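Residues 12 to 458, numbered by this note's numbering, are exactly what the sequence shown covers, in order.
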Amino acid sequence: MLFVMGLRNLALSGGGNNDPAQWKVGAQLLAAKHSAVTTLDRVTLRSTLVELNALFLEAPTSIQKAYRSMSERRIVRAYDDFANRLTDGSLAWSVPDSPEKIAEVLGGLIRAVDWTLVQRENKCWTEPGEWLVDDLWFVIPRMGLSATRPPSRNQAYEKRGLRFHRIIPTKIDRFRVNVVPSRTHHRSASDHQTWKMGACLFEGLKLNPDIVDDEGQEKHFVVLSADCPSASASVKSQIEDALNADCIALVWPELTVPPAIRREIQETLNARDMVDGREGPEVVVTGSWHEETEKDRVVNRAHIYDGYGVERLVYDKIQPYADDDWGIENIEPGDTISILASEAALIGFAICLDFCDVVSNPFTELDLDIVLIPSMGNDRTMQGHQTTASRVEVKFGTRCFVVQQTTSTKSNDRRIGTILPLLKEPNGVSVADLGQMVPWKSYLWPT
């Protein structure tokens, strides 16, 4: 049991088990434990799925490579065998000798436990507490987009191992992970090919920072206000355009939506006529702003609403920005990563540097469907977003939507912003081709 807990902690911290012999001993101990199980209720199945998932993530490279090259047909055959055993109440399995056979057995067993658990899940929408295992993991049942990612040969375990659940750690490094359930109401939510994402920008925006020079040692800044005479009219027009386009999500950029404009967005969503037949977006990310907290600290905060103006969650930027002109962003870094869990998708949120930092990034460890990112910056900023978006797409199949208000660009194209749509190959497009010249545009899910 201690070794299994060690595997869980290694998987959570991103560590690796480089000793194949030790890993095999741990696998044999886990197999013996599972073979003695007599009750396959939801709690047992969730714990089993977490243990098997952690075991596979720490498997030697030879097993990982064997799984990657293995055909789906072979994994499905093993799944069928174990699914029948689980139906009969048996969780018994053993550890073969060869890496290839181990990959086949574990791959099939994990799929079978995954499927059996989803058959026994509460069909009513539950609270995240029911998804918790040992306060270390959320085991989240998936429907909609999450369950439709097609598995195929040459995909790693992280991308095709689980079909009906996502296993999300409750903590990554110093960050707590918060999962908020949300019912899906948008009629197109189950068909991601019809999804439209709305990108909102501001023409003529000028930020007014308060820059403090710390006795010549370091400068710090916060943004006090923004000059944009058309902001109020723009957000109302953008919401109307989003409703007409049947957008499922709407995103404004970082540090472009002060509280007064955010309240206008919320009130406009909330005041929609009861007889309006148009559906509101599932998710509305009202950019971000420097806000004072109750503890007299400043945070760079994004408010996330549903299509009726109801606040679903807030997200505080975890990585302060810095440059030579304004200095260091004088904010209290956030300590929580927030995830919205609907039937249609698992949606994560980041603000600018949180996501485009290619050196240290907790979002590369989260198996999400979509990440929505309000941003502000230049071409290099967007290139960082493209790099991280490529990493999470290859690893998990995650798609990323970045809405960036442009500060400067090498492209002489009069762009207001730069938008990274939900591309399967984010690095396959140059930044010059991602410019948006108008305050509003919708983007279809790319095929």
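C-beta: ideal position from N, C-alpha, C; glycine also. Here the structure is a predicted model, which is why all the values come from computation and not from measurement.
Mapping DSSP to helix, strand and coil, what is isoleucine 151? strand
How is the beta strand (DSSP E) around proline 71 delimited, first residue to last? Unbroken run through proline 71: none, as it is neither H nor E.
Let's test the definition: count the other Cβ atoms within 10 Å of the Cβ of threonine 59 and tell me whether it reaches 16, buried, or not, exposed. buried
Kindly give me the distance between the Cβ atoms of leucine 216 and threonine 267, rounded to whole angstroms, as I take these residues to be in contact under 8 Å. Rounded, the Cβ-Cβ distance is 6 Å, consistent with contact.
One question on the structure: do leucine 63 and leucine 117 come within less than 9 Å of each other, judged by their Cβ atoms? yes
So which of Leu383, Ile259, Glu265 has the shortest CA-CA distance to proline 331? Glu265
If you draw a straight line from the alpha carbon of methionine 12 to that of leucine 40, how long is it in whole angstroms? Bear in mind that a pLDDT of 42 at methionine 12, under 50, signals an unreliable position, so the number given afterwards is only what the model happens to contain. Those two C-alpha atoms are separated by around 8 Å.
Close beta carbons around serine 245, own chain, < 7 Å, minus the five adjacent residues each side: Phe213, Pro450
To the nearest angstrom, how far is it from the Cα of glutamine 447 to the Cα of serine 80? 40 Å
So the candidates are Asp390, Thr347, Phe175, Asp284; which of them puts its Cα closest to the Cα of arginine 187? Thr347
Roughly how many angstroms lie between the CA atoms of methionine 387 and isoleucine 339, to the nearest whole one? 15 Å
Bounding residues of the alpha helix (DSSP H) (the contiguous stretch that carries valine 191): Premise fails: valine 191 lies in the beta strand (DSSP E), 186-192, not in any alpha helix (DSSP H).
Flag this pair as yes or no: are the beta carbons of phenylalanine 67 and aspartate 125 separated by less than 9 Å? no
Just to confirm the assignment, what range does the beta strand (DSSP E) spanning cysteine 211 have? 207-211
For isoleucine 362, the three-state DSSP class (helix, strand or coil): coil
Which same chain residues, not among the five before or five after isoleucine 459, have their C-beta less than 8 Å away from its C-beta? Shown here, the chain extends from 12 to 458; a query on residue 459 therefore has no answer.
On the criterion of 16 or more Cβ atoms from any shown chain inside 10 Å, does asparagine 438 qualify as buried, or is it exposed? exposed
Simplified DSSP assignment, three categories, for arginine 312: For arginine 312, the three-state secondary structure derived from DSSP is strand.
What are the start and end residues of the beta strand (DSSP E) that includes threonine 418? Per DSSP, threonine 418 belongs to no beta strand (DSSP E) and is neither H nor E.
Pairwise C-alpha distance: glutamate 302 and phenylalanine 232: Taking the straight line from one Cα to the other gives about 13 Å.
I think aspartate 365 touches lysine 328, with their Cβ atoms under 8 Å apart; what is that distance to the nearest whole Å? 6 Å
Residues of its chain near serine 445, where Cβ-Cβ distance is below 7 Å and the 5 sequence neighbours each way are ignored: Reading the sequence as shown, one finds leucine at residue 445 and not serine. Here the set comprises Met393, Thr429, Ile430, Leu431.
Does glutamate 293 come out as helix, strand or coil in the three-state DSSP assignment? coil
Here's a check: name, in chain order, each residue in its chain whose Cβ is nearer than 8 Å to the Cβ of threonine 49, leaving out the five neighbours to either side. Gly100
Distance, aspartate 336 Cα to arginine 410 Cα: 33 Å
Inside the region 37-122 only - alpha helix (DSSP H) runs reaching at least 4 residues: 53-68, 72-80, 83-98
Range covered by the alpha helix (DSSP H) that runs through alanine 256: First-last of the alpha helix (DSSP H) with alanine 256: 242-256.
What did DSSP end up calling threonine 195 once you bin it into helix, strand or coil? coil
For phenylalanine 175, report the span of its beta strand (DSSP E) as first-last. Per DSSP, phenylalanine 175 belongs to no beta strand (DSSP E) and is neither H nor E.
Near serine 441, which residues of its chain fall below 6 Å by C-beta distance, leaving aside the five closest residues on each side in sequence? Around serine 441: no qualifying Cβ.
Using 10 angstroms around the beta-carbon of serine 419, count the other beta-carbons present and answer buried if the total reaches 16, otherwise exposed. exposed
Considering only the alpha carbon of each residue, which of Leu455, Ser73, Trp142 lies closest to valine 352? Per the sequence presented here, residue 352 reads as alanine, with valine not at that position. Across the set Leu455, Ser73, Trp142, the C-alpha of Trp142 shows the shortest separation from the C-alpha of alanine 352.
With DSSP collapsed to three states, give me the class of glutamate 275. Under the three-state reduction of DSSP, glutamate 275 is assigned to helix.
Around the C-beta of threonine 304, are 16 or more other C-beta atoms found within 10 angstroms, so that it is buried, or is it exposed? Exposed, since its Cβ has fewer than 16 Cβ neighbours within 10 Å.
So valine 262 packs on alanine 210, CB below 8 Å; how close in whole Å? 6 Å
What's the gap between the Cα of isoleucine 381 and the Cα of glycine 359? The alpha-carbon atoms of isoleucine 381 and glycine 359 are separated by roughly 6 Å.
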